[in-house]
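In the working numbering, the protein residues as written are 5 to 416.
Even for Gly, the Cβ is constructed at its ideal location relative to N, Cα and C.
Only a predicted model underlies this, so the values are computations on that prediction, with no experimental measurement involved.
First up is the structure itself, then whatever we jot down about it.
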Ligand SMILES: Cc1ncc(COP(=O)(O)O)c(C=O)c1O
């Protein structure tokens with residue numbers, strides 16, 4: 005059986021050897037991941053030789069356009085979508101904001117939208133704001149003990165006037181994977197749309213929007229080893245519902261309609277570097293493989309997921325073994341049920357104090373609400389102090405996890 009060659013993986017990331025970062029065990033990946041050479045070299049080349057208006061016939065401009073086109077061509081495979089369905093925006097927060105404005109004209113006053121209190125505010129605030137325009141907002145609330153959502157409660161909230169349900173695929177704190185297929189069935193049953201925030205899920209598994217059956221799916225590339233952008237899949241089936249948000253003369257270009265702020269050209273180009281990285285991982289582990297791009301991505305993320313599952317096992321077990329700690333979200337250590345993001349707090353110490361001890365031990369992490377402000381309060385915590393979060397991705401080592409556990413062990 006093939007398993008992830010961690011030395012090979014880490015050799016692509018300069019941060020692991022750079023004097024400013026090499027001493028840190030980076031366990032704040034849910035905030036932002038390190039970037040491999042494949043991405044850095046595209047950015048550097050773009051800024052060095054083609055940082056001009058793209059798509060003219062002069063050399064540097066044509067080169068810039070080609071670099072951007074390459075990203076536009078390969079990135080849809082990361083969603084299992086077609087190029088006309090993938091929009092490059094500056095961030096997920098910006099993408100939901102634009103999307104909310106694009107969809108609103110299709111609805112009547114008195115229609116409703118269902119949002120959760122588990123999501124990052126990026127997939128709540130933009131929708132809630134529509135209340136000012138006559139849309140009713142219904143809140144699908146978490147269990148305050150666990151921070152988890154129960155689909156039966158959604159079934160009670162949903163009705164023939166529900167136009168959209170916005171829910172996270174995996175919360176950036178509770179980390180539990182929500183059952184998008186079942187949610188889609190409920191939403192589509194009343195003719196509504198499903199918007200899924202995949203920002204916390206995308207670094208860990210190959211997204212398949214066809215299988216998930218969602219209408220809109222978003223993720224942020226600065227958490228998936230890429231530049232700082234937000235990517236949005238919007239199904240072609242909903243294009244007739246979306247009012248053009250771009251310049252009027254671009255209204256017939258599908259991928260311009262939801263991106264009034266065309267983001268940094270170099271960053272668009274650098275998104276191809278994420279796929280180059282996945283490709284290099286694939287060819288290293290499966291030298292005689294002959295699958296198509298989508299299948300190659302699936303195999304790479306399978307390797308990532310297996311390794312991540314091994315990493316989260318001891319950390320979650322340790323947190324659960326501490327009577328003074330409370331884990332937010334599911335107790336499961338299975339990657340089918342959760343992302344390798346571990347948010348917890350102590351009954352006896354502030355999250356800030358635990359965070360300070362981890363920082364002293366050179367563990368990169370954070371504390372607070374991580375913009376899941378409503379979730380933090382819903383599980384009974386002060387939104388400022390919040391939780392401590394340790395989040396892993398495939399390039400982390402067991403040694404780094406052990407260092408974090410050792411640091412926690414010294415906190416009584
Ligand atoms: C789960 C989740 N959703 C959305 C966002 C917002 O993404 P962006 O910073 O691209 O707006 C974040 C950012 O941390 C997040 O963790």
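Query                                                                                                                                  : Result
beta-carbon residue 380 near ligand 1 non-hydrogen atom, thresh 6 angstroms                                                            : no
8 angstroms CB neighbourhood of residue 331 in its chain, flanking five on each side removed                                           : 320, 323, 324, 346, 347, 348
C-beta atoms of residue 99 and residue 278 nearer than 7 angstroms                                                                     : no
Proximity below 7 angstroms, CB of residue 271 to CB of residue 233                                                                    : yes
Buried or exposed (CB count within 10 angstroms, at least 16 for buried), residue 281                                                  : buried
The alpha helix (DSSP H) enclosing residue 97, as first and last residue numbers                                                       : 96 to 107
Ordered list of alpha helix (DSSP H) runs contained in the region 186 to 269, each at least 4 residues                                 : 213 to 216
Contact shell at 5 angstroms, judged by CB to any heavy atom of ligand 1, ordered along the chain                                      : 95, 96, 97, 124, 126, 176, 201, 203, 204, 224, 234
Inter-residue Cα distance where the pair is residue 148 and residue 103                                                                : 30 angstroms
Distance CB(residue 85)-CB(residue 199) smaller than 7 angstroms                                                                       : no
Proximity of residue 140 and residue 176 at Cβ, strictly below 7 angstroms                                                             : no
Burial state of residue 118, where buried means 16 or more other Cβ atoms lie within 10 Å                                              : buried
Span of the beta strand (DSSP E) around residue 170                                                                                    : 166 to 172
Residue 309, buried or exposed, once every other Cβ within 10 Å from all chains shown has been counted against 16                      : buried
Cβ-Cβ distance between residue 397 and residue 207 below 7 angstroms                                                                   : yes
Residue 355 beta carbon less than 7 angstroms from that of residue 392                                                                 : yes
Span of the alpha helix (DSSP H) around residue 363                                                                                    : 355 to 364
CA nearest to the CA of residue 250, picked from 259, 244, 242, 243                                                                    : 259
Where residue 162 sits in the DSSP three-state scheme                                                                                  : coil
Inter-stretch contact (C-beta, 8 angstroms, three-pair minimum) for the region 43 to 59 and the region 68 to 80                        : yes
Cα-Cα separation between residue 130 and residue 144, rounded to whole angstroms                                                       : 16 angstroms
CA nearest to the CA of residue 365, picked from 284, 350, 352, 415                                                                    : 415
According to DSSP, residues forming a beta bridge with residue 144                                                                     : 120
Close-in-space but distant-in-sequence residues of the same chain around residue 276 (CB under 6 angstroms, 5 per side omitted)        : 74, 75, 78
Beta strand (DSSP E) runs wholly inside the region 295 to 382, at least 3 long, in chain order                                         : 329 to 331, 345 to 350, 370 to 372
C-alpha distance - residue 182 paired with residue 273, whole-angstrom precision                                                       : 32 angstroms
Where residue 163 falls, given that 16 or more other Cβ within 10 Å makes a residue buried                                             : exposed
Selection from 126, 113, 125 that minimises the alpha carbon distance to residue 166                                                   : 113
Residue(s) in a DSSP beta bridge with residue 92                                                                                       : 235
Cut-off 7 angstroms between Cβ atoms - residues of its own chain near residue 25, not counting five sequence neighbours on either side : 19
Short Cβ contact (7 angstroms threshold) for residue 289 with residue 13                                                               : no
Sheet register partners of residue 409 (DSSP bridge)                                                                                   : BP columns for residue 409 are empty, so no partner.
Residue span of the beta strand (DSSP E) that contains residue 394, given as start and end                                             : 391 to 395
Of the listed residues 154, 284, 376, 37, nearest to residue 3 (C-alpha basis)                                                         : With the chain covering only 5 through 416, there is no way to say anything about residue 3.
Short Cβ contact (7 angstroms threshold) for residue 211 with residue 92                                                               : no
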